[in-house]
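Note that the UniProt record's numbering has the sequence shown beginning at 1, numbered continuously upward. This report concerns only the one structure given below.
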Amino acid sequence: MKCIMKCNKKENWNHLFECQAYEVAWEKILEITTKESIIIYLKQKQIRGQGEDFIRKVLQNILGVTAKSEKFQKFQQLALEVKVETFLTTKLQKDFKISLTEAQTLMANILIGFILAFKELI
Ligand SMILES: [Zn+2]
1 MKCIMKCNKK ENWNHLFECQ AYEVAWEKIL EITTKESIII YLKQKQIRGQ GEDFIRKVLQ
61 NILGVTAKSE KFQKFQQLAL EVKVETFLTT KLQKDFKISL TEAQTLMANI LIGFILAFKE
121 LI
């Protein structure tokens with residue numbers, strides 16, 4: 001199977017992460033996932049106490065600021081196997097000062113948001 005972006009290399013999972021042709025798509029996926037996660041968090045908490053800038057910063061700490069960042073590269077590889085590193089959930093819990101259950105729910109929703117964006121764009 002060849003890369004659908006026509007770079008003429010063989011298509012496999014690693015190629016999706018490495019191929020330059022997918023770079024724009026990954027940036028979009030990160031952007032969408034971050035935006036959706038802010039909305040999900042606000043819905044889950046039902047409060048507007050914490051500003052969106054703060055929420056965005058916490059999420060960028062989890063997902064990374066750019067698709068090229070080490071954080072996002074780790075996140076995307078595991079997320080496609082529907083996995084997340086445990087310390088990231090703990091980090092959400094601490095930074096947002098929420099319960100572990102709330103953090104797990106939030107992380108599960110972030111993961112779903114990511115997968116939906118991935119399916120749409122790649
Ligand atoms: Zn390619």
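All residues carry an ideal CB built from backbone N, CA and C; glycine is no exception.
Checklist entry - Excluding sequence positions up to five away, which residues of its chain have a Cβ less than 8 Å from the Cβ of LYS74? => result GLU85
Next on the checklist: For a test of your reading of the model: does the CB of MET107 fall under 6 Å from any non-hydrogen atom of ligand 1? Yes or no.
Outcome noted: no
Checklist entry - If you follow the alpha helix (DSSP H) that ASN14 is part of, which residue opens it and which one closes it? => result That run of the alpha helix (DSSP H) goes 13-18.
Item to check | Three-state class that DSSP yields for LYS2 in the structure shown | outcome: Strand at LYS2.
Next on the checklist: Any beta carbon from chain C within less than 7 Å of LEU88's own beta carbon?
Outcome noted: Although the question refers to chain C, the structure presented lacks it and comprises just one protein chain.
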